[in-house]
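Q: Sharing a structure, written as structure tokens. Questions coming.
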Amino acid sequence: MLKGPSIAQWLYPSGGRSYLDTDLLVPACEFSRAGAVLKALGFSELLEGFHSFERSLDPGAEIAFVRRPELGRGEGGFVDLHRNLPRLSTPDQFLWEALRAGTEIILVGDVKVCVLGRTALALHVVLHAVQHQFQHHTSEDLRRAIATMSADDWRPVADLAARLGVTGVMGFGLRHDAAGAEIAEGLGLPGLSSTDPLVRALHAPRGSVSLADFWSAPTLRAKVQRIRWMLLPSPAKIRYVSRLPDAHGRTLLLAYARWWRDLGPAFVSAVRFVRGQPRARQGRG
Numbered sequence: 004m005l006k007g008p009s010i011a012q013w014l015y016p017s018g019g020r021s022y023l024d025t026d027l028l029v030p031a032c033e034f035s036r037a038g039a040v041l042k043a044l045g046f047s048e049l050l051e052g053f054h055s056f057e058r059s060l061d062p063g064a065e066i067a068f069v070r071r072p073e074l075g076r077g078e079g080g081f082v083d084l085h086r087n088l089p090r091l092s093t094p095d096q097f098l099w100e101a102l103r104a105g106t107e108i109i110l111v112g113d114v115k116v117c118v119l120g121r122t123a124l125a126l127h128v129v130l131h132a133v134q135h136q137f138q139h140h141t142s143e144d145l146r147r148a149i150a151t152m153s154a155d156d157w158r159p160v161a162d163l164a165a166r167l168g169v170t171g172v173m174g175f176g177l178r179h180d181a182a183g184a185e186i187a188e189g190l191g192l193p194g195l196s197s198t199d200p201l202v203r204a205l206h207a208p209r210g211s212v213s214l215a216d217f218w219s220a221p222t223l224r225a226k227v228q229r230i231r232w233m234l235l236p237s238p239a240k241i242r243y244v245s246r247l248p249d250a251h252g253r254t255l256l257l258a259y260a261r262w263w264r265d266l267g268p269a270f271v272s273a274v275r276f277v278r279g280q281p282r283a284r285q286g287r288g
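Structure below.
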């Protein structure tokens with residue numbers, strides 16, 4: 004189990020850290036079977052209804068599942084089923100083996116649950132804050148982790164980041180906090196420049212990555228397919244990106260309107276993204 008109860012017990016011993024969904028990491032070879040188990044328990048994929056082409060564009064590191072309480076199969080809730088962590092290029096199996104090596108057992112309710120050990124959990128707190136641009140509770144999670152752990156405590160975290168190839172992301176995340184910046188400097192962690200693809204992707208308007216993919220499509224047919232599903236996504240995708248799983252009628256039309264409204268700034272961002280890639284490569288050379 005990723006995040007959730009383990010972060011709450013570690014960084015919020017007096018309470019104050021709630022969570023609305025459950026994140027589970029499984030080996031990639033068991034990913035489909037784990038999804039089948041969730042469906043047998045009354046969960047359904049939030050991506051159900053996506054066109055196959057939409058799903059093929061971004062297979063993703065996770066699939067979100069939801070179970071509604073009115074189904075009579077127990078409490079409702081959300082489960083994010085992971086085979087990897089978002090935005091990481093680390094191979095699935097390598098990540099699983101690296102994180103599984105130091106797991107711990109905690110009690111969640113009356114159930115014993117396998118969670119990340121402290122080293123992996125600390126790294127995940129940093130990665131999660133970067134992924135969400137330090138918004139909402141991720142910034143407070145990061146601040147508390149930095150305040151709780153000594154500089155020496157962060158050394159094995161940096162070693163794990165090096166094995167996973169994310170030292171730049173870790174350095175970037177720690178430097179969001181003044182005390183974390185001192186730790187990053189002491190560990191010699193690199194940072195990320197403003198031209199780094201990850202940084203640009205994190206700050207790009209919604210849809211800009213899809214537009215950038217349009218330019219990189221190898222054939223005219225592929226470009227036409229991308230532009231078609233970009234301009235008129237499936238209702239399921241609009242519900243997903245708008246976080247309105249029950250949107251119909253006027254609510255769904257308004258969600259489409261917001262999607263089309265965002266395409267303008269996304270187009271500008273995509274142009275800058277594509278034009279900036281050669282300069283970024285030259286800078287690294």
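Residue numbers (my numbering): 4 to 288.
Here a beta-carbon is modelled for each residue, glycine too, at the ideal position from N, C-alpha and C.
The structure displayed is predicted, hence computed values, not measured ones.
In this structure, how does DSSP classify Met224 when only helix, strand and coil are distinguished?
A: This sequence places Arg at residue 224; Met is not what is there. Looking at Arg224 - three-state DSSP - the assignment turns out to be helix.
Q: At which residue ranges does the stretch 86-122 contain complete beta strand (DSSP E) runs of 3 or more residues, listed in the order of the chain?
A: The qualifying runs are 107-111, 114-118.
Q: From which residue to which residue does the alpha helix (DSSP H) around Ala67 run?
A: Here Ala67 belongs to no alpha helix (DSSP H); instead the beta strand (DSSP E) covers 65-70.
Q: DSSP three-state label for Gly194, please.
A: Three-state result, Gly194: coil.
Q: Please determine, among Asp155, Leu256, Leu110, the residue with the shortest C-alpha to C-alpha distance to Thr122.
A: Nearest of Asp155, Leu256, Leu110 to Thr122, Cα basis: Asp155.
Q: Pick helix, strand or coil for Ser142, following the three-state DSSP scheme.
A: The answer is helix: DSSP assigns Ser142 an H, G or I state.
Q: Express the C-alpha separation of Asp24 and Tyr15 in angstroms, rounding to a whole number.
A: Rounded to whole angstroms, Tyr15 to Asp24 spans 17 Å at the Cα level.
Q: Starting from Asp24, trace the beta strand (DSSP E) both ways and give me its first and last residue.
A: Counting along the chain, the beta strand (DSSP E) containing Asp24 begins and ends at 24-28.
Q: Are the stretch 155-170 and the stretch 179-197 touching by the rule of at least three beta carbon pairs closer than 8 Å?
A: Judged by Cβ distances under 8 Å, the stretch 155-170 makes contact with the stretch 179-197, as three or more pairs qualify.
Q: Decide if Arg36 is buried, meaning its Cβ has at least 16 other Cβ atoms within 10 Å, or exposed.
A: Per the 10 Å Cβ criterion, exposed.
Q: Could you check how far apart the C-beta atoms of Leu91 and Leu167 are, in whole angstroms? I think they sit under 8 Å.
A: Sure, about 7 Å apart at Cβ, within 8 Å.
Q: The alpha helix (DSSP H) that contains Pro19, what's its start and end?
A: Residue 19 is actually Gly in this sequence, not Pro. Per DSSP, Gly19 belongs to no alpha helix (DSSP H) and is neither H nor E.
Q: Exposed or buried, which one is Ile108 when buried takes at least 16 other CB atoms within 10 Å?
A: So Ile108 ends up on the exposed side.
Q: Which residue marks the beginning of the alpha helix (DSSP H) containing Val40, and which one marks its end?
A: Its alpha helix (DSSP H) spans residues 34-43.
Q: According to DSSP, simplified to helix, strand and coil, what is Glu51?
A: Coil.
Q: How would you call Pro236, buried or exposed, if buried means at least 16 neighbouring beta carbons within 10 angstroms?
A: The residue is buried, with at least 16 neighbouring Cβ atoms inside 10 Å.
Q: Starting from Met173, trace the alpha helix (DSSP H) in both directions and tell me its first and last residue.
A: Run containing Met173: 170-177, per the alpha helix (DSSP H) assignment.
Q: State buried or exposed for Gln134, treating a residue as buried only when at least 16 other CB atoms are found within 10 Å of its CB.
A: So Gln134 counts as buried.
Q: With respect to the alpha helix (DSSP H) encompassing Asp162, which residues constitute its N-terminal and C-terminal limits?
A: First-last of the alpha helix (DSSP H) with Asp162: 157-167.
Q: Shortest alpha-carbon distance to Gly80 belongs to which of Leu256, Ala181, Pro248, Gly267?
A: Nearest of Leu256, Ala181, Pro248, Gly267 to Gly80, Cα basis: Pro248.
Q: Is it the case that the Cβ atoms of Asp180 and Arg146 are separated by a distance below 7 Å?
A: Contact flag set, yes.
Q: Taking 6 Å as the cut-off, is the C-beta of Pro248 nearer than that to any heavy atom in the ligand SAM?
A: Ligands in the displayed structure: none, and consequently the ligand SAM is not present.
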